[in-house]
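Asks: Once you've had a glance at the structure underneath, I'll fire off some questions.
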């Protein structure tokens, strides 16, 4: 046992402390007891790094009037009896009462004092010093303290007096029975068990560290990654400034912190942790034993489980896993290179062939041609199984083990880049731009550079490079030309250029389809074709001068290996439909996908791009229900690591479907899930954050909405094309509408009028939002502009779109209302509500139309009808949770239909539906009977009753029934 003087935590670390309120209260209660003359003992337990020391230090720093002694134990094979006690007494002997600031640990002696009395009597003499009392004694890492000292300290506490003894320990397994008996006979004893921070506490820590950069999605990701462990969470926060959009980097705890975490762990336990780190963090016990070269490592694992380094499950085959990924990564990074290689070599023979290859790569120190060839074969298998992301990473590993000046090595890199692009992994793809740029010029390099430029959000440069590659590959294999043409079609689609998208997609289809084969989704039926996973250039290819001698083994001895991803024809067909929709409207695009099955069982993985496009176009054509079905099918069917050419577009548009359809909780979940997806395009996060901003604004959380909009704008700013700015403009407009700022809506949506950059994109995505634009234009006295916007879209062939017709009819109604033609306006509003039928209803728009109907009815003197319309609107907004719109409705109601002086609270405060429910409650009906009477679900009745109780300030059903009967609402009618 060695004594280590401790200093107070730095100010910045104290500021970073958060949470632990109940634990802090327990410590303060113990101090209050000691101050009153009754000794108290506090045992603070928890795994390494969880914050035991920080908690106690913060507590000690806040004490006043206490003499504080503090020491820490260290592991020792043969600790001396009384060592801990003698260190504390030596510290007390050099303390001059009143010289050290109250509440701070005493400074250690500059020179070692002469002999100091030790033992129980000496301790009692110090504790009985009136000038120094009360005392706070803190023993850190008490699991390593000698038993004799602990028994004396606990005995002193048992005898009573102004003493607060705090023991911080990972566990108590090393203490003998006498110490444990003494501990549990002390009264009062407070046991504080520290675990990871809860979500709210961790969120407060993230907010303290990151300020405006913090948000719910990031906080949840950080808490999940750290497990709420304060040390690991701080490590993630320290590295957050270098994070890529969408997630924090893998942090590395300092080596000194890792060593401190492992202090006291037996050598065989450390070896097991190191092997587990090399195995990826988890393994079966037999596998771990094989890597360690031990018959059975189970005995080495018990201390690790007790120390909470690992978890163990014993179902079927015993399996262990490092509890925290942050610690696993840090431990792996601190391994000496030789030790790491040795463990990887051992692991290669203990796991299956595919994972073994990864360990061989990690263990390799030089070029290894045979291993590179094995990796190439593995990549081919992964690609055949649809695992593009894994195949790309395997190709990158193969390239790293090949000669840097070998031409075929370049093609491994180019193939990996292509697969990363087709997997939608833009964040990972963008990191390879410099490596590609350093290679020899050739068409494949141009293509790869174009793809890395795309991933970085520089689509203008990407288009130029891909077009250049396509021109140079005229003599290449048709399958290769089809790939590049499809990539070009996607670039033009993202840029909103319908004609160019259709042109390149058609070329890809002509080059990809075998002679005489029909298109995949024609009226004649579906046909599928496949391409070899690893295709070679044609013998007469002029695009490449051919490889130098040497290089990979027979698998690529005849020429550079060029990767053709699966599903090229299906992707080209999907882009052809999207390009047609950009040019001619959604229905024209849907016509090209007429042969795509509706039955989920007949949809293959290669059909998902076409299914995504169909869902997007159905959303644009006001087919909300069908679009939601398609996009839900895509998100349910796609596999991690598989082809994802369209990134998370399905999730973006599915969230939009839920937003428009009124299922805002699902919309939020879809946005958050997509933000966590590693297979996403560079332009997906701005769109997702824009949607999140809209959802927050519609729910009345203006602060969160503004933070989401700032995040979206920040992510969109580096991108060199207009699509992301379009989404942020929509978010800005909807935020303004939620505030009732119609001028703000008009200013934000001026982007709709910028035909040069957005005309074709508007045709796809604007019809759902156009009613809001038209409404705000009329409110601002710009009805002519509203009519022009609607007429322009109608002229493009979208006249049959129900949502466009809603905008048109609503606009006509607002114009009639402004002119005083209230009867005509009421008819128009009724017509607009009728257009929002099943499968295409936008509840928020319907609620706003009901407000308009109530306003016009009031102007016509029909107060009863006006109240009914306002009731209907309130019901819609209440169901949605649309607080700003609910307040707007109630303000309109108060202004247009003043309540009669004799109106009861039931009539004044409750919506029409709520009044129906309360009337039936007054008759003594159960929730089931009310549900049957009103043709609603029991859950809906419960929802309405919760609102009634809140509005009327009631607590029970009996109170509500009496209130209804007193108001005369229970008249016996059923």
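In my numbering, the protein residues as written are 2 to 975.
Just so you know, even glycine gets a beta-carbon here, dropped at the ideal spot from N, CA and C.
Measuring only the C-alpha atoms, how far is residue 757 from residue 365?
Replies: For residue 757, the pLDDT reaches just 45, beneath the cut-off of 50, and the residue's location in the model is therefore unreliable, leaving the point undetermined.
Asks: Between residue 718 and residue 47, what straight-line distance do the alpha-carbon atoms span, to the nearest angstrom?
Replies: C-alpha separation (whole angstroms): 45 angstroms.
Asks: Per DSSP, residue 139 forms a beta bridge with which residues?
Replies: 71, 167, per the DSSP bridge assignment.
Asks: Is it the case that the Cβ atoms of residue 424 and residue 390 are separated by a distance below 9 angstroms?
Replies: Contact flag set, yes.
Asks: Given this structure, state the Cα-to-Cα distance separating residue 698 from residue 936, to the nearest angstrom.
Replies: Taking the straight line joining both Cα atoms gives about 32 angstroms.
Asks: Any idea if residue 691 is buried or exposed, counting beta-carbon neighbours within 10 angstroms, 16 or more meaning buried?
Replies: When all chains shown are included, residue 691 counts as buried.
Asks: Tell me which residues share the same chain as residue 263 and place their Cβ nearer than 7 angstroms to its Cβ, disregarding the 5 neighbours each side in the sequence.
Replies: Excluding sequence neighbours, residue 263 sits near 271.
Asks: Hey, would you say residue 273 sits closer than 9 angstroms to residue 305, going by beta carbons?
Replies: In this structure, residue 305 lies closer than 9 angstroms to residue 273 by Cβ.
Asks: Buried or exposed: where does residue 842 fall if 16 or more other Cβ atoms within 10 Å of its Cβ makes it buried?
Replies: Under this definition residue 842 is a buried residue.
Asks: Applying the criterion that 16 or more other CB atoms from any shown protein chain within 10 Å of the CB defines a buried residue, is residue 487 buried or exposed?
Replies: Residue 487 comes out buried.
Asks: Rounded to whole angstroms, what is the Cα-Cα separation between residue 650 and residue 302?
Replies: Rounded to the nearest angstrom, the two C-alpha atoms are 45 angstroms apart.
Asks: Since residue 510 and residue 464 are thought to touch, with beta carbons under 8 angstroms apart, how far apart are those beta carbons, to the nearest angstrom?
Replies: So it is not a contact: roughly 20 angstroms between Cβ atoms.
Asks: Comparing alpha-carbon positions, which option in 337, 295, 280 lies nearest residue 326?
Replies: Per the Cα distances, 280.
Asks: Considering Cα atoms alone, identify which of 408, 330, 394, 402 is closest to residue 432.
Replies: Among 408, 330, 394, 402, the Cα nearest to that of residue 432 belongs to 394.
Asks: So residue 857 and residue 826 are supposed to be a Cβ contact under 8 angstroms. How far apart are they, rounded?
Replies: Rounded, the Cβ-Cβ distance is 5 angstroms, consistent with contact.
Asks: In this structure, does DSSP put residue 1 in helix, strand or coil?
Replies: Missing from the structure shown is residue 1; the chain here goes from 2 to 975 and no further.
Asks: Inspect the beta-carbon positions of residue 434 and residue 453 and report whether they are closer than 9 angstroms.
Replies: Yes, they are a contact pair.
Asks: Once the 5 residues before and after residue 855 are set aside, which same chain residues still bring their CB inside 6 angstroms of it?
Replies: 867, 870, 871, listed in sequence order.
Asks: Beta carbon of residue 614, beta carbon of residue 573: below 9 angstroms?
Replies: Going by C-beta atoms, residue 614 is not nearer than 9 angstroms to residue 573.
Asks: Starting from the N-terminal side, write out each stretch of the alpha helix (DSSP H) that is 4 residues or longer and does not extend beyond the segment 418-504.
Replies: Correct list: 427-430, 434-438, 444-456, 460-473, 479-495.
Asks: What does the Cβ neighbour count give for residue 502, buried or exposed, with the cut at 16 atoms within 10 Å?
Replies: The residue is buried, with at least 16 neighbouring Cβ atoms inside 10 Å.
Asks: Entirely within the segment 268-342 and at least 4 residues each: give me those alpha helix (DSSP H) ranges in chain order.
Replies: Listed in chain order, they are 268-279, 286-293, 299-307, 326-335.
Asks: Could you give the distance in angstroms between the alpha-carbon of residue 285 and the alpha-carbon of residue 388?
Replies: Approximately 25 angstroms between the Cα atoms of the pair.
Asks: Using the three-state DSSP reduction, which class does residue 144 fall into: helix, strand or coil?
Replies: Reduced to three states, the DSSP call for residue 144 is helix.
Asks: Please report how far the alpha carbon of residue 36 lies from the alpha carbon of residue 942, in whole angstroms.
Replies: Computed Cα separation, rounded: 56 angstroms.
Asks: Counting C-beta neighbours from all protein chains within 10 Å, is the total for residue 360 16 or more, i.e. buried, or is it exposed?
Replies: With 16 or more other Cβ atoms within 10 Å, it is buried.
Asks: Between which two residues does the beta strand (DSSP E) carrying residue 44 extend?
Replies: That run of the beta strand (DSSP E) goes 41-46.
Asks: Applying the criterion that 16 or more other CB atoms from any shown protein chain within 10 Å of the CB defines a buried residue, is residue 823 buried or exposed?
Replies: Classification for residue 823: buried.
Asks: May I ask you to report which of helix, strand or coil DSSP gives residue 924?
Replies: Looking at residue 924 - three-state DSSP - the assignment turns out to be coil, as it is neither helix nor strand.
Asks: Which of the three DSSP states, helix, strand or coil, is assigned to residue 51?
Replies: In the structure shown, residue 51 sits in coil (DSSP, three-state: anything other than H, G, I, E or B).
Asks: So the candidates are 512, 330, 458; which of them puts its Cα closest to the Cα of residue 495?
Replies: Taking only the C-alpha atoms, the option nearest residue 495 is 458.
Asks: At what residues does the alpha helix (DSSP H) containing residue 191 begin and finish?
Replies: No alpha helix (DSSP H) holds residue 191; the beta strand (DSSP E) holding it covers 190-194.
Asks: Under a three-way DSSP split, which group does residue 898 fall into?
Replies: Three-state DSSP puts residue 898 in coil, outside helix and strand.
Asks: Counting Cβ pairs closer than 8 angstroms, one from the segment 169-183 and one from the segment 133-152, do we hit at least three?
Replies: Judged by Cβ distances under 8 angstroms, the segment 169-183 makes contact with the segment 133-152, as three or more pairs qualify.
Asks: Kindly indicate which three-state DSSP category residue 955 falls into: helix, strand or coil?
Replies: If DSSP states are grouped into helix, strand and coil, residue 955 belongs with coil.
Asks: My understanding is that residue 747 touches residue 783, with C-beta atoms under 8 angstroms, so please give their C-beta distance in whole angstroms.
Replies: About 7 angstroms separates the two Cβ atoms, so the contact holds.
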